[in-house]
Amino acid sequence: MSAGRWRGWLEQGSNRLLALLAPGPAACLLCGRQAAAPGPQEAQQSHVRRQPLCRGCREAIPWIEAINCYCCGRTIRCPDCVRRGGAAFVWSRSAVRYDASMRAWLAAYKYRGEERLEPLFAEMLEPVLQRMTAELLRRLETSPKRAAVVADVAGRQLPAAAIAACWDGIAYVPVSTARLRERGFNQAQRMAALLGRRYGIPVLPLLVRTRHTLKQSGKSRWSRLRDMQALFDAAPEAGERLARLRQSRAKARQGPDSPRTAWRPGPDAPHAARRPGPDASPAAWRPDAGEPSAKGQPLRLLLVDDIYTTGSTLDGCADALRRISDLPIEIYGLTWARA
Ligand SMILES: [Zn+2]
Ligand SMILES: [Zn+2]
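Okay, so the sequence shown: first residue is 1 according to full-length UniProt numbering, each after it adds one.
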């Protein structure tokens with residue numbers, strides 16, 4: 001073989017090798033088709049951006065945009081919450097409606113162990129956590145003028161520091177030991193862990209399931225609720241964990257790097273173009289800017305689960321935590337889907 005032919009052959013081979021090694025267009029996590037970046041409007045709404053999804057799967061996500069029930073964040077007026085007449089949690093919000101596609105996605109993860117979907121579920125919780133935090137900031141703001149500023153800035157993306165400042169910790173709904181052994185993981189705990197890591201909020205194992213869930217079908221709504229209340233208990237060390245969390249947060253609030261005072265719209269914040277007026281001092285941004293109660297500021301916890309159905313699971317868990325805490329504690333539900 002001549003030198004020229006050798007060279008040609010080698011070049012051809014190395015080009016083929018390079019083509020094989022070059023990263024191709026990312027495949028959709030769910031269906032394997034070619035992933036497509038979100039459109040400008042979608043990106044602005046801070047929906048899934050980091051995980052590769054194709055257009056079809058992206059558009060299949062039934063985001064909950066407008067709610068009609070303040071308590072559980074449902075899109076329709078909700079007889080369940082009226083009938084319950086108060087819950088142990090303050091309110092609960094979910095990212096998506098639990099329709100047929102979401103059911104299939106969750107089944108692939110929970111029952112077929114497709115763990116690559118985990119970051120997708122965690123990212124899907126981010127826009128709802130953003131909105132919950134904005135809603136909380138608005139509600140805690142007593143001055144209407146400052147509330148308007150909060151609403152204006154919160155309409156855009158809140159920086160991670162603002163979110164970390166609002167929430168003291170993340171708890172999650174536990175699964176039974178038998179279920180954990182069978183499945184190998186607790187989906188609520190995994191979602192909570194990823195969310196906690198993203199925003200720098202401590203994730204605490206605070207709850208245990210006292211027994212395996214009994215078959216719920218065929219039972220009346222009330223006996224189902226009663227069952228659920230007895231189903232969860234605080235973990236043995238939960239009291240100490242909450243006390244330690246309360247101490248560390250109180251200490252951090254006094255320090256110069258207080259997570260509750262350190263955050264303010266800085267030059268890197270997406271809303272820096274329109275800085276809030278002088279009325280919006282950093283103090284105005286503190287979620288606990290009011291007078292603390294005699295027993296101190298309430299500890300504010302997120303309680304994460306995959307699906308909200310009747311609210312009895314969240315209610316049972318929140319009730320178990322409130323029973324062991326003699327100091328004020330506020331629990332807010334955050335679930336991936338609303339059935
Ligand atoms: Zn797809
Ligand atoms: Zn409701």
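Positions of the beta carbon are idealized from the N, C-alpha and C atoms, including for glycine.
- DSSP puts T75 in a beta bridge; with which residues? Position 75 of the sequence shown, counting from 1, holds the residue named residue 75. Paired residues: none, contrary to the question.
- Message: Once DSSP output is grouped into helix, strand and coil, what is the label at R112?
- Response: To locate residue 112, count along the sequence shown from 1; it is residue 112. R112: coil per DSSP, three-state reduction.
- Run the proximity test for D80: is its beta-carbon closer than 7 Å to any non-hydrogen atom belonging to ligand 2? On the sequence shown, residue 80 is found 80 positions in, with the first residue counted as 1. It does: the Cβ of D80 is within 7 Å (strictly closer) of some heavy atom of ligand 2.
- Task: State the beta-bridge partners of L231 as determined by DSSP.
- Result: Locating residue 231 in the sequence shown gives position 231, where the first residue counts as 1. Partner(s): none; L231 has no beta bridge.
- Among T310, C69, L299 and V173, nearest to R244 - alpha-carbon criterion: Here the question's residue 244 lines up with position 244 in the sequence shown. Looking at the Cα atoms, L299 is the closest of the given residues.
- Query: Can you tell me whether DSSP reads E141 as helix, strand or coil?
  - Reply: Reading the sequence shown from its first residue, position 141 is the one you call residue 141. Three-state DSSP puts E141 in coil, outside helix and strand.
- Is it true that the CB of L136 sits closer than 8 Å to the CB of A171? What you label residue 171 is simply residue 171 of the sequence shown in a count that begins at 1. What you label residue 136 is simply residue 136 of the sequence shown in a count that begins at 1. No; because the gap between Cβ atoms is not below 8 Å, this pair is not in contact.
- Message: Can you tell me which residues form a DSSP beta bridge with R209?
- Response: Your numbering for residue 209 matches position 209 in the sequence shown. R209 is bridged to F232.
- Message: Short of 7 Å in beta carbon distance, which residues of its chain neighbour L314, apart from the five on each side in sequence? Order them along the chain.
- Response: On the sequence shown, position 314 is the one that residue 314 refers to. Here the set comprises F89, S92, L303, D305, Y308 and G333.
- Quick one: residues in its chain with C-beta nearer than 7 Å to the C-beta of A320, no 5 flanking neighbours on either side, listed in chain order? Start at 1 with the first residue of the sequence shown, and residue 320 comes out as number 320. Cβ within range, chain order: L207, F232, D233 and A234.
- In angstroms with no decimal places, state the Cα-to-Cα distance between F185 and E11. The residue you call residue 185 lines up with position 185 of the sequence shown. The residue you call residue 11 lines up with position 11 of the sequence shown. Whole-angstrom Cα-Cα distance: 49 Å.
- In whole angstroms, what is the alpha-carbon distance linking A262 and T75? For the purposes of this step, residue 262 is taken as residue 262 along the sequence shown, with counting starting at 1. For the purposes of this step, residue 75 is taken as residue 75 along the sequence shown, with counting starting at 1. In this prediction, A262 scores a pLDDT of 39, lower than 50, which makes its location untrustworthy; no coordinate-derived value is stated.
- Task: Pick out whichever of A26, L120 and G169 has its Cα sitting closest to the Cα of A238.
- Result: Translated into positions along the sequence shown, residue 238 becomes position 238. It is G169 whose Cα lies nearest to the Cα of A238.
- Task: Run the CB neighbour count on V82, radius 10 Å, all protein chains shown included, and call it buried at 16 or more, exposed below.
- Result: As a working mapping, residue 82 is identified with position 82 in the sequence shown. Burial call: exposed.
- Message: Tell me which residues pass a beta-carbon proximity test against ligand 1: closer than 6 Å to any heavy atom, given in chain order.
- Response: C28, L30, C31, R33, L53, C54, G56 and C57
- Message: Quick check: what's the CA-CA separation for M124 versus R50?
- Response: Walking along the sequence shown from the start, residue 124 turns up at place 124. Walking along the sequence shown from the start, residue 50 turns up at place 50. M124 and R50: Cα-Cα distance of roughly 10 Å.
- Just the Cα atoms here: how many angstroms apart are A161 and Y199? Mapped onto the sequence shown, residue 161 falls at position 161. Mapped onto the sequence shown, residue 199 falls at position 199. Approximately 7 Å between the Cα atoms of the pair.
- Message: Please report the distance separating the alpha-carbon of A87 from that of K110.
- Response: For this step, residue 87 is matched to residue 87 along the sequence shown. For this step, residue 110 is matched to residue 110 along the sequence shown. When rounded, the distance between both Cα atoms is 28 Å.
- ligand 2 heavy atoms versus the CB of C69: any closer than 7 Å? Numbered from 1 along the sequence shown, position 69 holds the residue referred to as residue 69. Yes, the beta carbon of C69 sits closer than 7 Å to at least one heavy atom of ligand 2.
- Message: Helix, strand or coil, according to DSSP, for L334 in the structure here?
- Response: To locate residue 334, count along the sequence shown from 1; it is residue 334. Three-state DSSP puts L334 in a strand.
- Please name the residue, chosen from S94, V96 and C72, that lies closest to G85 on a Cα-to-Cα basis. For this step, residue 85 is matched to residue 85 along the sequence shown. G85 has its Cα closest to that of C72, out of S94, V96 and C72.
- Rounded C-alpha distance that separates R33 from P52: The residue you call residue 33 lines up with position 33 of the sequence shown. The residue you call residue 52 lines up with position 52 of the sequence shown. R33 and P52: Cα-Cα distance of roughly 10 Å.
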